[in-house]
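Residue numbers (my numbering): 6 to 257. Below you'll find the structure, written out as structure tokens, and then a few comments.
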Ligand SMILES: [Fe+2]
């Protein structure tokens, strides 16, 4: 039975056109905790296009023991998705890199140049939400020495960095690391402290990247809601040098 109290679905419109490329998402099928198959990837991508995105740089997890992806497994998932889209006569522009967990064997990947980068040699890195990677600063330095530009994923989601001086963030920025916040943080999706720190990092001028970190349909629903959140959009607008729109992705 219909109820007059039923909440209406948020309006879908291209609010995120100004971002262009989403460079942090788990849209490649079947290789991490993101999209399970090509059909789901297609659906998620099509709905993100409706929100204004122009293309996707997919960033599956590379976490030894949990998601032990390699350039070969990632390329294979991209090829599977591309084949599916072609069968459906769809041309959705996407490419791929990865989201690297900075852990004990990260140095080895960097030294062996087994790293997938996007755009001008950008490399997306992350840490656990529970503990800081003890080698994070060394990893940033090693990447820069090899000619990469490290981008730290969702710095606002690392509670061990929450303090009012923002000193830990500052050290990373001073060390040459760029920062990408998850857009959903600005809508409070992960909780009030994550929202607060996403705003603080933007206020400090330390954020250059916006990512969805989209894994599944719940994230998509939250993203659609965010497109209607004027305050969150105003915060995104404060980012002076947003790099997403400058990215150009090669064809697959
Ligand atoms: Fe992610």
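Ideal Cβ positions, reconstructed from N, Cα and C, are used throughout, including at glycine.
Chain-order list of residues whose beta-carbon lies under 6 angstroms from that of residue i (same chain, five-residue window excluded)
i           : result
residue 191 : 203, 237, 240
residue 219 : 30
residue 252 : 26, 124
residue 6   : For residue 6, the predicted model reports a pLDDT of 47, less than 50, meaning its position is unreliable and no value from the coordinates is stated.
Reduced DSSP category for residue i - H, G, I as helix; E, B as strand; rest coil
i           : result
residue 79  : helix
residue 23  : coil
residue 17  : coil
residue 155 : strand
residue 249 : helix
residue 66  : strand
residue 167 : coil
residue 244 : coil
residue 120 : coil
residue 137 : coil
residue 93  : coil
residue 184 : strand
residue 174 : helix
residue 72  : strand
residue 224 : helix
residue 127 : strand
residue 105 : strand
residue 215 : strand
Residue i to residue j span [Cα, whole Å]
i           : j           : result
residue 113 : residue 184 : 23 angstroms
residue 258 : residue 106 : The chain is shown from 6 up to 257; residue 258 falls before or after that span and cannot be answered.
residue 177 : residue 140 : 12 angstroms
residue 250 : residue 109 : 33 angstroms
residue 95  : residue 255 : 17 angstroms
residue 51  : residue 28  : 16 angstroms
residue 244 : residue 17  : 23 angstroms
residue 102 : residue 68  : 14 angstroms
residue 228 : residue 13  : 15 angstroms
residue 100 : residue 179 : 30 angstroms
residue 24  : residue 197 : 24 angstroms
residue 146 : residue 200 : 28 angstroms
residue 61  : residue 20  : 16 angstroms
residue 120 : residue 76  : 8 angstroms
residue 173 : residue 150 : 21 angstroms
residue 63  : residue 169 : 33 angstroms
residue 66  : residue 129 : 10 angstroms
Cβ neighbours of residue i in the same chain (closer than 7 angstroms, five flanking residues each side left out)
i           : result
residue 86  : 33, 34, 43, 46
residue 209 : 171
residue 127 : 154, 156
residue 78  : 36
Neighbourhood of residue i by C-beta, 8 angstroms cutoff - its chain only, sequence neighbours within 5 removed
i           : result
residue 246 : 213
residue 230 : 15, 192
residue 142 : 176, 177, 180
residue 186 : 159, 160, 161, 203, 206, 207, 212, 214, 215, 216
Residue i: CB within 7 angstroms of a non-hydrogen atom of ligand 2
i           : result
residue 171 : Because ligand 2 does not appear in the structure shown, any question about it cannot be addressed here, the ligands present being ligand 1.
Cutoff 8 angstroms: residue i Cβ touching any chain B Cβ
i           : result
residue 127 : Annotation note: the requested chain B is absent from the structure, which comprises a single protein chain.
Original post:
Taking contact to mean at least 3 C-beta pairs separated by less than 8 angstroms, is the segment 60-76 in contact with the segment 34-49?
Top reply: Output reads yes: the segment 34-49 touches the segment 60-76.
Original post:
Are the segment 124-138 and the segment 159-172 touching by the rule of at least three beta carbon pairs closer than 8 angstroms?
Top reply: yes
Subject >> Chain-ordered residues, beta carbon under 5 angstroms from a heavy atom of ligand 1 >> reply: 104, 218
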